[in-house]
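Below is one structure, written out as structure tokens; the observations come after it.
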Amino acid sequence: MSLAMFLQHGLNGLTLGSLYALIAIGYTMVYGILRLINFAHSEIFMLGAYFVLWGTTLFFLPWYVAMVVAVVVTAGVGILVDRVAYRPLRDAPRISALISAIGVSFFLQNLTIVAFGAIPREVYRPLWLETPMLMGEVRVLPLTIFVPTLSFLLMLGLVWVVYRTKAGLGMRAISKDIETSYIMGVSVNRIISLTFGIGSALAAASGIMWALRYPQLQPVMGSIPGFKAFIAAVFGGIGSIPGAVVGGVILGFTEIMAVAFFPDLAGYRDAFAFVLLIAILLIKPTGLMGAKLEDKV
Amino acid sequence: MLEVQDLNVFYGGIHALKGLTIQVPQGRVVTLIGANGAGKSSTLRAIAGLIRNKKGHIRYRGSEISGLSPVDIVKSGIVMAPEGRKIFPHLSVLDNLRLGAYARKDKAGVEKDLKWVYELFPRLEDRKDQKGGTLSGGEQQMLALGRALMSAADLIMLDEPSLGLAPKLVREVFEIIATINALGKTVLLVEQNAFAALKIAHHAYVLEVGAIVLAGSGEELIADSRVRDAYLGG
Ligand SMILES: Nc1ncnc2c1ncn2[C@@H]1O[C@H](COP(=O)(O)OP(=O)(O)OP(=O)(O)O)[C@@H](O)[C@H]1O
Ligand SMILES: [Mg+2]
Numbered sequence: 001m002s003l004a005m006f007l008q009h010g011l012n013g014l015t016l017g018s019l020y021a022l023i024a025i026g027y028t029m030v031y032g033i034l035r036l037i038n039f040a041h042s043e044i045f046m047l048g049a050y051f052v053l054w055g056t057t058l059f060f061l062p063w064y065v066a067m068v069v070a071v072v073v074t075a076g077v078g079i080l081v082d083r084v085a086y087r088p089l090r091d092a093p094r095i096s097a098l099i100s101a102i103g104v105s106f107f108l109q110n111l112t113i114v115a116f117g118a119i120p121r122e123v124y125r126p127l128w129l130e131t132p133m134l135m136g137e138v139r140v141l142p143l144t145i146f147v148p149t150l151s152f153l154l155m156l157g158l159v160w161v162v163y164r165t166k167a168g169l170g171m172r173a174i175s176k177d178i179e180t181s182y183i184m185g186v187s188v189n190r191i192i193s194l195t196f197g198i199g200s201a202l203a204a205a206s207g208i209m210w211a212l213r214y215p216q217l218q219p220v221m222g223s224i225p226g227f228k229a230f231i232a233a234v235f236g237g238i239g240s241i242p243g244a245v246v247g248g249v250i251l252g253f254t255e256i257m258a259v260a261f262f263p264d265l266a267g268y269r270d271a272f273a274f275v276l277l278i279a280i281l282l283i284k285p286t287g288l289m290g291a292k293l294e295d296k297v
Numbered sequence: 001m002l003e004v005q006d007l008n009v010f011y012g013g014i015h016a017l018k019g020l021t022i023q024v025p026q027g028r029v030v031t032l033i034g035a036n037g038a039g040k041s042s043t044l045r046a047i048a049g050l051i052r053n054k055k056g057h058i059r060y061r062g063s064e065i066s067g068l069s070p071v072d073i074v075k076s077g078i079v080m081a082p083e084g085r086k087i088f089p090h091l092s093v094l095d096n097l098r099l100g101a102y103a104r105k106d107k108a109g110v111e112k113d114l115k116w117v118y119e120l121f122p123r124l125e126d127r128k129d130q131k132g133g134t135l136s137g138g139e140q141q142m143l144a145l146g147r148a149l150m151s152a153a154d155l156i157m158l159d160e161p162s163l164g165l166a167p168k169l170v171r172e173v174f175e176i177i178a179t180i181n182a183l184g185k186t187v188l189l190v191e192q193n194a195f196a197a198l199k200i201a202h203h204a205y206v207l208e209v210g211a212i213v214l215a216g217s218g219e220e221l222i223a224d225s226r227v228r229d230a231y232l233g234g
């Protein structure tokens, strides 16, 4: 394989990896605080993309405005899901919240079918993102620069919130010990809402950028990326934000590279994630960057 | 300043506090002693708002606070340093202290109190960027006390601050409690270390299986034969 080809595939891998990483962050943040696998997260990803479709076709918003609006609205949906489906179960056994999460996932999928129909919909995307540029030998899709860059900026923003703001301090505290945070004066429910909001906003951003790459929207489009991102979060060490990012990027990279080097394996593409998962569970069950998390009762 | 009247706490079927009544006057050190499982922590946790299944009155500066959330209770001026210290091991010493001030809005006041806490506990300033979990047991206790002080609460509730410390550090902790009190904080102290607690307490209560069985000044209880037999090793 030529270096030019390798770079091209590398950018593709980085693009896919950033998209996984953005979803994985939401899984890991919610798990870190509530020890809950938010199965509805895949649907949050999907809704982000659909809200752009809504914004551009129903309200005739320019695509970039529609994107921002969609991110905000999806964050709101994420917060609402927590309020309605998880918060009432905070003191219940954890399995109840998990079942509730599965229920929400089905509900949102079906709601989308009712609202938008089950037929795949095409979403608008600016042509320049898809027009290859020639950089020396390398044919670069602007999209494969745009997506990782924007993802990187979003992650920087996240790091700033988590490590530089008071709310971030609250998040880091409640992820370790909710009760003690509470008596220190941390408004736990507000911080949990914020966590869902941020995680959902990032998943929405991922869904929207996903749609720029694969512009067919379907109500089930979140399932596979969502599942892979979850695996990426476990691979990186669930509960760890850097772990989610690294896990997502490694997964995206492996997927693209494996297919590039071994085209015969293209049909097994979706299985790589599981190979990675099994490998890490055998070698380091807490994931690459995962610390041991005590179970919360 | 704090009046607890006829407080009952239930854990499922267990009736852990049975009509407990205590008074904590402003500016005093009040201690609550009792055997394991007597209900000392339950009392503090109920006051801090952590126990919802309770009956009775908790009044602070004349107003009822028994229905408030833990956050509102901190804001109203009561803070608890919980049993087992419960510092955040993965956060820096400085972040732990800032967390103590989480409910506060007065930034200037927080910075002032941070300086004050560092003066009280110079070791915390030396280790301010170190993770809480890397501190020694004694230092962690100082951090827990410092964190409580950062809340600017007037009433500080301490749940077994001397637990698990070497004798020299135990003495240091009690000296610090006396200092904090001398600086104007009211203290509600729960201790297993009955002798040391009674020595610095203005008022003391003895708790047995969920109810107060004896009350008096610290000196009176040290002299009391029942207390000597049960808690001071004869
Ligand atoms: N979360 C809980 N669920 C059920 N029972 C509890 C719970 N917490 C405390 N209890 C019970 O309530 C009683 C009082 O407990 P509490 O922790 O208040 O005692 P304590 O005086 O602080 O004891 P120690 O000196 O060991 O800390 C005990 O019988 C205990 O078993
Ligand atoms: Mg106790």
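As you go down the protein sequences, you meet chains A and B in turn. Okay, so the first sequence: first residue is 1 according to our numbering, each after it adds one. Okay, so the second sequence: first residue is 1 according to our numbering, each after it adds one. Using N, Cα and C, we set each Cβ at its ideal position, and we do this for glycine too.
Would you say residue i reaches chain B, if we count a Cβ-Cβ gap shorter than 9 Å as a contact?
| i | result |
| --- | --- |
| A:V297 | In this prediction, A:V297 has a pLDDT of 37, which is less than 50 and means its spatial position is unreliable; what the coordinates show is noted afterwards. No - not a single Cβ of chain B is within 9 Å of the one on A:V297. |
| A:K176 | yes |
| A:K228 | no |
| A:K284 | no |
| A:M184 | yes |
| A:M289 | no |
| A:G170 | yes |
| A:T195 | no |
| A:T180 | yes |
| A:A244 | no |
| A:A173 | yes |
Just how far apart, CA to CA, sit residue i and residue j?
| i | j | result |
| --- | --- | --- |
| B:A223 | B:I177 | 22 Å |
| A:G287 | A:S240 | 9 Å |
| A:V297 | A:A40 | Residue placement at A:V297 is poorly supported in this model, since its pLDDT is 37, which falls under 50; the coordinates are not used for a value here. |
| A:R125 | A:T131 | 12 Å |
| A:G290 | A:D270 | 24 Å |
| B:L235 | B:V24 | The first residue shown for chain B is 1 and the last is 234, placing residue 235 of chain B beyond what the model contains. |
| A:A66 | B:Y102 | 36 Å |
| A:V140 | A:V275 | 30 Å |
| A:A118 | A:W54 | 15 Å |
| B:H90 | A:R164 | 16 Å |
| A:F106 | A:I99 | 11 Å |
| A:P142 | A:L16 | 14 Å |
| B:V110 | A:G78 | 34 Å |
| A:G226 | A:G267 | 19 Å |
| A:T56 | A:V104 | 26 Å |
| B:E119 | A:L154 | 40 Å |
| B:L114 | A:R190 | 26 Å |
| A:L14 | A:S151 | 10 Å |
| A:I278 | A:W128 | 40 Å |
| A:A201 | A:E255 | 25 Å |
| B:H203 | A:G157 | 52 Å |
| B:A230 | A:F230 | 57 Å |
Hey, does residue i have any beta-carbon neighbour from chain A nearer than 9 Å?
| i | result |
| --- | --- |
| B:F88 | yes |
| B:L236 | Past the edges of chain B, shown from 1 to 234, lies residue 236 of chain B, and the structure says nothing about it. |
| B:L91 | yes |
| B:V187 | no |
| B:G49 | yes |
| B:V79 | yes |
Using only CA atoms, which one of the options lies nearest to residue i?
| i | options | result |
| --- | --- | --- |
| B:K55 | B:T21, B:I87, B:L32 | B:T21 |
| B:A197 | B:Q23, B:I33, B:L169, B:L17 | B:I33 |
| B:G138 | B:M150, B:L124, B:K128 | B:L124 |
| A:G185 | B:L189, B:M142, B:G67, B:V79 | B:V79 |
| A:Q8 | A:T57, A:V246, A:M135, A:Y64 | A:M135 |
| A:I37 | A:L212, A:F45, A:T56, A:Y27 | A:Y27 |
| A:F146 | A:W210, A:P93, A:V72, A:V52 | A:W210 |
| B:L232 | B:A215, B:I200, B:F195 | B:F195 |
| A:L217 | A:A258, A:I191, A:P242, A:P120 | A:P120 |
| A:K176 | B:N96, B:A166, B:H202 | B:N96 |
| A:L251 | A:E122, A:I224, A:A273 | A:A273 |
| B:I156 | B:T31, B:N53, B:V227 | B:T31 |
| B:I51 | B:L17, B:H203, B:A144 | B:L17 |
| A:F116 | A:V72, A:G248, A:A49, A:V84 | A:A49 |
task = For the segment 7-53 of chain B, list the alpha helix (DSSP H) runs that are entirely contained and at least 4 residues long, ordered along the chain.
result = 40-47
inquiry  = Residues of the segment 137-164 of chain B in Cβ contact with chain A at a cutoff of 8 Å, in chain order, please.
reply    = R147, S151
inquiry  = Please list, in chain order, the residues of the segment 95-110 of chain B that have any C-beta partner in chain A closer than 7 Å.
reply    = D95, R98, L99, G100, Y102, A103
Secondary structure, beta strand (DSSP E): runs of 3+ residues fully inside the segment 120-204 of chain A = 133-135, 138-140
Length at least 4, wholly inside the segment 40-90 of chain A: the alpha helix (DSSP H) runs in chain order = 41-57, 63-81
request  = Please go through the segment 75-144 of chain B and give each complete beta strand (DSSP E) segment of 3 or more residues, from N-terminal end onward.
outcome  = 78-81
task = Pull out every residue of the segment 51-76 of chain B whose Cβ sits closer than 7 Å to any Cβ of chain A, in chain order.
result = P70, V71, V74, K75
request  = Anything in the segment 68-88 of chain A with a Cβ closer than 8 Å to a Cβ of chain B? List those residues in chain order, please.
outcome  = none
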